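Participant: To start, I am sharing the structure in question, which I have written as C-alpha cells.
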Amino acid sequence: MTPLIFLFVGMLHLLPLCSGRAVCKDVCHLKTFEQIKEEIAGYQDVAKAIVDLAVCGKAQNRSYERLALLVDTVGPRLTGSPNLEKAIQIMYQNLMDDGLKNVHLEPVKVPHWERGQESAVMLEPRNHSMAILGLGSSVGTPPEGITAEVLVVSSFDELHRRASEARGKIVVYNQPYKGYGESVQYRVQGAVEAAKVGAVASLIKSVASFSIYSPHTGIQYYQDGVPQIPTACITVEDAEMMARMASRGTKIVIQLKMEAKNYPDTESFNTVAEITGSKYPEQVVLVSGHLDSWDVGQGALDDGSGAFVSWEALSLIKDLGLRPKRTLRLVLWTAEEQGGIGSLQYYQQHKVNISNFSLVMESDLGNFMPTGLAFTGSDKARAIMKEVMNLLQPINTTQVFGDGEGVDINYWIQAGVPGASLLDDLKRYFSFHHSQGDTMTALDPMQMNYSAAVWAVVSYVIADLDEMLPR
C-alpha cells in the first residue's frame, strides 16, 4: 500500500452545507467535541450488548460457521470464474434470508484470467522441481516451455546495473522482505522491468513474512510498449538457494512451463445490503470486504473473513433490534484482487452522493484478534473515532492508528471521506496471504467473534451519532 495524501476540510467544509445539504440536515448548530464525547459515552451499554452477543451469546462463532460453509462448498473464488459467481448468488440469498434491506447486485465488467498447468524445473546445477504460482494476468509460455539460464538480482537497481547480462535469461528476484508495502513492487512490476532488459521470463521471491516452502501469488501488470513475458512467484527458500548458488558463480538453468491465459472481460457483481437509517436514510456508513480471492487455498482469510465479519456486523445490530439514524450499507466487492475494479466502478456510480458518506470501512487485513483501527480523516474525526474505540476497553481493542487506506475504500478516502480498516496481526496475515495456506485452518472462531464485535460497535455508533464525521 502507498501512503495517502488527501484533503482535511474540517469545520469550514461543513458550515456552508447547513443551508440544505444532507451532511448537516436539520443540525445547523454543530456540537462541541465535549458534547460529542459525552454523546459517545452514552453508548456503553449498547457496545456491551453487541460484544456479549458476538462473543458469548447466540451469535457466537456464527461468522466463522457461515464462512466455513461457503468456502468448503464453493472453494476459492478467482475473478471471472464460475466459483465466484456461484458465491455471489449464494451471498445474495443469504442476505435476503437474514432480513437485510435493499439487497441487490450491481454489475461490474471484470477481467478473466486462468492459470492452467504450470511447472518450473531446475536443470542445472541439479534437477529440482520448484513450487511456483503464476501471477495474475501473466501470459503463458510456449507449449514446450522456456529453458534458459538464470540471472539472480536483489533489486531493480541491481537488475539495471547488470542489464547486459539479462538478455535471453530468466530473471530471479531475491529481494529482501521489508514489509508488504515495499516488497510487493517486485511482484507487480518485476516482469516489466525484466522484459525491458531482454529477459525471457521472471520469477519473484514470494512476498511473505514467513514461508514453509509455499509460493504466494498476486496480481502483476504489463506496460504498453514492453514485451509481455511469463512471470510467477517462487518460494522464499528457492529464491534464497539460487542467490547462494549465484554468489558462488554456479550456472543455474530452469525450464519454465505455464499455460496461463487471458480471456475477454466478463460480468461479475458487487453485492449490497442495508439496514436503512431511521432519521437520515440517505446518509451512509459503508461496511465492506471482498468476495473474490485467488485460485489457491480457500480464500478464507483473504478476504472471506473480512466479508463475513462485515456481514456479521449488520446481523448483530439487527439481532439486537437496533436501527441507527443513518443507513448501514454492506458492500461485498468483486475483483478486488485485480486492482479494485469492483470498488472503482461503485465509486464512479455513487460519488455523486459523496457528501452523504460519513465513514467508509474495509476489513481486508485478516481477522485475527483485533488490535484496533487504522483511520484516515481530519483531526476532529480522529478524536471522535478514539472516543468510539474507548467503548471497546473491556476487550482491549482501543487503538487508532494512521493510514486507514484499503484498496476498496481508497477512492472515497482520496476524495476526503473518513476511512477505517480493521487491524490485527499483519505479520501472521502475510504468512498465509495469497497462498495454498489461506484456508479455514488459518482462522480462529473466537477471534472472528471479536472482530465482528468491533466492526459492529464502530459502524453502529458512527451511524447513530447526531452528526456525521467532520471532513
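Numbering-wise, the sequence shown is residues -20 to -1, 1 to 451 according to mature numbering (1 follows the signal peptide of the UniProt record, and there is no 0). For every residue, glycine included, the Cβ atom is placed at its ideal position computed from N, Cα and C. All of these numbers come straight from a predicted model, not from anything done at the bench.
Alpha helix (DSSP H) containing Asp444: first to last residue?
Facilitator: Asp444 -> alpha helix (DSSP H) spans Pro425 to Asp444.
Participant: The alpha helix (DSSP H) that contains Tyr72, what's its start and end?
Facilitator: Pro62 to Asp77
Participant: Take the Cβ of Asn154 as the centre, count every other Cβ of all protein chains shown within 10 Å, and call the residue buried at 16 or more, exposed below.
Facilitator: buried
Participant: On a Cα-Cα basis, can you pick out the residue from Tyr440, Val206, Lys360 and Lys298 that is closest to Gln24?
Facilitator: With respect to the C-alpha of Gln24, the residue from Tyr440, Val206, Lys360 and Lys298 having the closest C-alpha is Tyr440.
Participant: Three or more beta-carbon pairs under 8 Å between the stretch 109 to 122 and the stretch 137 to 153, yes or no?
Facilitator: no
Participant: For Val180, decide whether its Cβ has a neighbour in chain B, counting only Cβ atoms nearer than 8 Å.
Facilitator: Considering every chain present, this structure includes no chain B. It has just one protein chain.
Participant: Out of curiosity, what's the CA-to-CA distance linking Trp435 and Ala223?
Facilitator: 44 Å
Participant: If distances are taken between C-alpha atoms only, which option among Gly277, Ala48, Val267 and Gly37 comes closest to residue 455?
Facilitator: Residue coverage of the chain in this structure runs from -20 to 451, which leaves residue 455 outside it and unanswerable.
Participant: For a minimum of 3 consecutive residues, which ranges assigned as the beta strand (DSSP E) are wholly contained in the stretch 356 to 396?
Facilitator: 379 to 381
Participant: DSSP puts Cys213 in a beta bridge; with which residues?
Facilitator: Leu113 and Ile184
Participant: Leu403 and Thr351: beta carbons closer than 8 Å?
Facilitator: yes
Participant: Check whether the stretch 382 to 391 and the stretch 319 to 335 touch, using three or more Cβ-Cβ pairs below 8 Å as the test.
Facilitator: yes
Participant: How about Leu33 and Asp299: are their beta carbons less than 8 Å apart?
Facilitator: Between Leu33 and Asp299, the CB-CB gap stays under 8 Å.
Participant: Taking 6 Å as the limit between beta carbons, can you name the residues of its chain near Asn347, skipping five residues before and five after?
Facilitator: Ser285, Val289, Met428 and Ser431
Participant: Okay, do the stretch 175 to 189 and the stretch 215 to 231 touch, 3+ Cβ pairs below 8 Å being the bar?
Facilitator: Contact holds between the stretch 175 to 189 and the stretch 215 to 231, because three or more Cβ pairs, one in each stretch, are under 8 Å apart.
Participant: So what does Phe337 bridge to, in DSSP terms?
Facilitator: Val264
Participant: Kindly indicate the opening and closing residues of the alpha helix (DSSP H) around Gly286.
Facilitator: Ser285 to Asp299
Participant: Apart from the five residues on each side of it in sequence, which residues of its chain come closer than 6 Å, Cβ to Cβ, to His92?
Facilitator: Gly60, Tyr243 and Thr246
Participant: For the pair the stretch 261 to 271 and the stretch 405 to 420, tell me if three or more CB-CB distances fall below 8 Å.
Facilitator: Contact annotation: the stretch 261 to 271 does not touch the stretch 405 to 420, with fewer than three C-beta pairs closer than 8 Å.
Participant: Would you tell me roughly how many angstroms separate the C-alpha atoms of Thr197 and Ser248, rounded to the nearest one?
Facilitator: 22 Å
Participant: Applying the criterion that 16 or more other CB atoms from any shown protein chain within 10 Å of the CB defines a buried residue, is Tyr193 buried or exposed?
Facilitator: exposed
Participant: Within the continuous alpha helix (DSSP H) that includes Thr127, where are the two ends?
Facilitator: It is not in any alpha helix (DSSP H) - Thr127 instead sits in the beta strand (DSSP E) that spans Ile126 to Val133.
Participant: What residue range is occupied by the uninterrupted beta strand (DSSP E) comprising Lys231?
Facilitator: If you look at Lys231, you'll find it isn't in any beta strand (DSSP E); DSSP assigns it neither H nor E.
Participant: Taking Cβ to Cβ, would you say Leu131 is nearer than 8 Å to Gln235?
Facilitator: no
Participant: Residue range of the beta strand (DSSP E) that Arg306 falls in?
Facilitator: Note, Arg306: beta strand (DSSP E), Arg306 to Trp313.
Participant: For Gln15, count the other beta carbons within 10 Å of its own beta carbon; 16 or more makes it buried, fewer makes it exposed. Which is it?
Facilitator: Taking all protein chains shown into account, Gln15 has fewer than 16 neighbouring C-beta atoms within 10 Å of its C-beta and is therefore exposed.
Participant: Provide the residue span of the beta strand (DSSP E) that contains Lys81, from first to last.
Facilitator: Lys81 to Glu94
Participant: Using the C-alpha atoms, what's the distance from Gln379 back to Ala175?
Facilitator: 44 Å
Participant: My output table needs one value for Ser43: the three-state DSSP class, helix, strand or coil.
Facilitator: helix
Participant: How long is the line joining the alpha carbons of Phe13 and Asp446, rounded to whole angstroms?
Facilitator: 12 Å
Participant: So Val168 and Ile199 are in contact, right, with Cβ under 8 Å, and what is the actual spacing, rounded?
Facilitator: 7 Å
Participant: Excluding the 5 residues flanking Gln208 on each side, which residues of the same chain have their C-beta closer than 6 Å to its C-beta?
Facilitator: Val119 and Tyr202
Participant: Can you name, in chain order, every residue of its own chain whose Cβ lies under 7 Å from the Cβ of Ala280, other than the five neighbours on each side?
Facilitator: Leu47, Val51, Asp418, Thr419, Met420, Ala422 and Leu423
Participant: Out of Ile364, Ser134 and Met71, which one is the CA nearest neighbour of Ala443?
Facilitator: Ile364
Participant: Below 8 Å between beta carbons: does that hold for Asp272 and His414?
Facilitator: no
Participant: Identify whether Tyr153 lies in helix, strand or coil by the three-state DSSP scheme.
Facilitator: DSSP places Tyr153 within a strand segment (E or B) once states are collapsed to three.
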